[in-house]
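Under my numbering, the letters of the sequence shown match residues 2 to 425, in that order. Structure record follows, encoded as structure tokens.
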Amino acid sequence: MGKAKIVFIGAGSMSFGIPTFKDIFTTPELKGWTLSLVDIDEENLERMYGLALKMNEVSGMELNIEKTMERRDVLPGADYIVNSLAIERCDLWKEDFRIPLKYGIRHCLGENGGPGALFFGMRTIPLIMEICKDIEELCPDAWFLNFSNPESRIVLAVNKYTNVKCIGLCHGIFMAQDDVAHVLGVDKNSIEVTAAGMNHFQWLLSIRDKATGEDLYPALKEKEAGFDPSFRPFTRKMFRAVGLWPTCSDDHLGEYLPYGYEAGMEGYDFDQDERDRVQMKQDVKDVVSGHKDAKDWLVKSGEKAVEVIKSLHTGVRTYIPSAVVYNGGAISNLPDDVAVEVPVIVEKGKILKVHMGDVRQSVRSLLSLQVGAQQMAVDAAMYGDKDMAFQALLADPVINDTEAARHILDDLWAINEKYIKASL
């Protein structure tokens, strides 16, 4: 088995960079590989480069680590590209959330669903397309593993409009597994779940005891009825209505539904995010300087990107409980032309979707609310077309006022215009 090269775009992201580093430097099969770190923020890049060097030294993995602000310098010869980029993440996200509220649209979070997701995609997809054109030119056989939001729209765009091999990865299913284990009062590792749906909008089709195979849904329904009412109230409202537990949190779930504001309209906690980033920067500094033991960070993160890379390269067949993929029949009663999140099996050079058949009608109907909105949003982003963006807004279930939609479009278009461009 030869050595390979991973290019990490958006490596300055600590929220995904640190977990990815933890997994890379605890995976012996990657010893001696090349890790190329790419970010346009020089300060963040330098910080994470220093962390990578330290973890490489302590782990004994002997990786060849390089850094650059120019991705084209390192894409030639790449086998795997991990992407976690975000454009002015918090500053623009605040506007994605604030402006719809200004015009009376009640929405939740503003990242993966609703008008916020439209503009998150409008500014992000053109940059992703530029990266994909470089991949097609410089490393056409490479796999593109995406962490960036809005996941479903990015994965749909890449699969529909490029030849790049692409999947998205998210830990949402494991958040749901934690939640049902909490309600059941059992260790999360004692249960296994199977889910299907869309990113942040999956439904647990089965919950079983890992040792015995016992169906735990009856026990969950019984215990949930008397559980602490402050725990995941919106998720549980949908659980009682549909009969299946949805992923992955009240706010993410609420983004996709016209009544999702019931999950809360506080939006993302940007103040806590900033405090967390300050702490993470200090933690990285302490590890690099030796004030904290880097060996404490040599633990698996729970993310699956590196596990997928290892299996693609070694051929060790691996079941991954959840990945965002182009549907193509994986959920048979949804259109082929949409991104879904289902289990996959990874083999040597292949990622095979587990075909889930039909999901129950109640779930299909809820998922279908997103199909047209996401398809139209992707096309609007690909053409950089304002009229198409307006049509995508009108198709979104969160929008209930055409005049508000027009005002939202005008305001958010003006803020994001420098990033919006035709990719076709």
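By construction, the Cβ of each residue, glycine as well, lies at the ideal position given by its N, Cα and C atoms. All values derive from a computational prediction rather than experimental measurement.
With respect to the 9 Å criterion, Lys161 and Tyr327 are classified as neighbours on the basis of their beta carbons. Linking Ser207 to Gly350 through their CA atoms gives a straight-line distance of about 29 Å.
Taking each of Leu205, Asp210, Ser323 in turn and checking the Cα distance to Ser191, the smallest one comes out for Asp210.
The alpha carbon of Gly115 has as its nearest neighbour, out of Ser323, Lys166, Tyr260, Arg276, the alpha carbon of Tyr260. Between the alpha carbons of Phe120 and Met389 lies a gap of roughly 12 Å. Ranking Gly117, Phe17, Leu31 by CA distance to the CA of Ser85 puts Phe17 first. By the criterion of a C-beta distance shorter than 6 Å, Pro151 is surrounded in its chain by Asn113, Ala118, Phe121, Gly122, once the five residues flanking it on both sides are discounted. DSSP places Thr195 inside the beta strand (DSSP E), whose first and last residues are 192-199. Taken through DSSP and simplified to helix, strand or coil, Tyr320 comes out as strand. Setting aside the 5 residues that flank it on each side, Asn334 is surrounded in the same chain by Asp359, Arg365, each with a C-beta closer than 6 Å to its C-beta; the list follows chain order. Bridge partners of Phe202 according to DSSP: Met199.
As DSSP reads the structure, Asp216 sits in a beta bridge with Arg209. Spanning the alpha carbons of Lys103 and Ala396 requires a straight line of approximately 20 Å. Excluding five sequence positions before and after Thr319, the CB atoms of its chain that fall closer than 6 Å to its own CB belong to Ser312, Val347, given in chain order.
Non-local C-beta neighbours of Arg407 in its own chain, meaning closer than 8 Å and more than five positions away in sequence, comprise Phe391, ordered along the chain. Distances from the CA of Val8 to each of Asp386, Leu38, Glu71, Leu413 were compared; the closest alpha carbon is that of Leu38. For Cys167, DSSP records a beta bridge to Phe145. Secondary structure note for Tyr81: its beta strand (DSSP E) is the uninterrupted segment 81-84. Ranked by Cα distance from Phe202, the first of Ala5, Asn164, Leu370 is Leu370. Ile332 sits in a strand when the DSSP states are folded into three classes. Beta-bridge annotation (DSSP): Val347 is paired with Thr319, Ile352.
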